[in-house]
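Worksheet for the structure shown next.
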Amino acid sequence: MTSDSDIAPESSPAPVPVGAVQPDIRVGTIASAQEEGGRTLLWIDFGAHLGVRRATMTLARNYKAPQLVGRQVCAVVNPQLQNTTVNQVLALGMPDRSGDMVLICPDHRVPDGGKLF
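Residue numbers for the sequence shown follow my numbering, beginning at 957 and rising by one.
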């Protein structure tokens, strides 16, 4: 359980400029994971429509690559929102109390490629 002091204060969201690209957040299943140079390479299956896409994250403190295979994770799949040629999607996470990454995942199994609404 968290207390109010554990939660960062909310700020008003910035207005979205007209014509700005909205993030397309989908769920996929991690098909393969490999630790490489302090980062974890993930190949995430988003189903028949989107296929398998690659993401990289720093996950070593909370996850080991073999534990990730078969887990579902949420990711931004818009190619125009990727800031690197290494990532095809941006897997989503939040920092824990130590500042280490925790993946954002659905509580229950859902169809791969499902869109966040």
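Glycine included, C-beta positions come from ideal geometry on N, C-alpha and C.
Just to confirm, is the Cβ distance from Arg-912 to Leu-1072 under 9 Å?
In the structure as shown, the chain begins at 957 and stops at 1073. Residue 912 is therefore absent and cannot be evaluated.
Just grab the DSSP bridge partners of Pro-1051 for me.
Residue 1051 sits at position 95 when you count from the first residue of the sequence shown. Among the bridge pairs identified by DSSP, Pro-1051 is matched with Met-1057.
Straight-line CA distance for Gln-1036 to Arg-995?
Residue 1036 sits at position 80 when you count from the first residue of the sequence shown. Residue 995 sits at position 39 when you count from the first residue of the sequence shown. Cα to Cα, Gln-1036 sits roughly 23 Å from Arg-995.
Own chain, CB closer than 6 Å to Leu-1024, minus 5 neighbours either side, in chain order
For the purposes of this step, residue 1024 is identified with residue 68 of the sequence shown, where counting begins at 1. Within the same chain, Cβ atoms closer than 6 Å to the Cβ of Leu-1024 are found at Ile-986 and Ala-989, the five residues on either side in sequence being excluded.
With a floor of 4 residues, list each alpha helix (DSSP H) that falls wholly inside the stretch 983-1018, ordered by position along the chain.
Listed in chain order, there is nothing to give.
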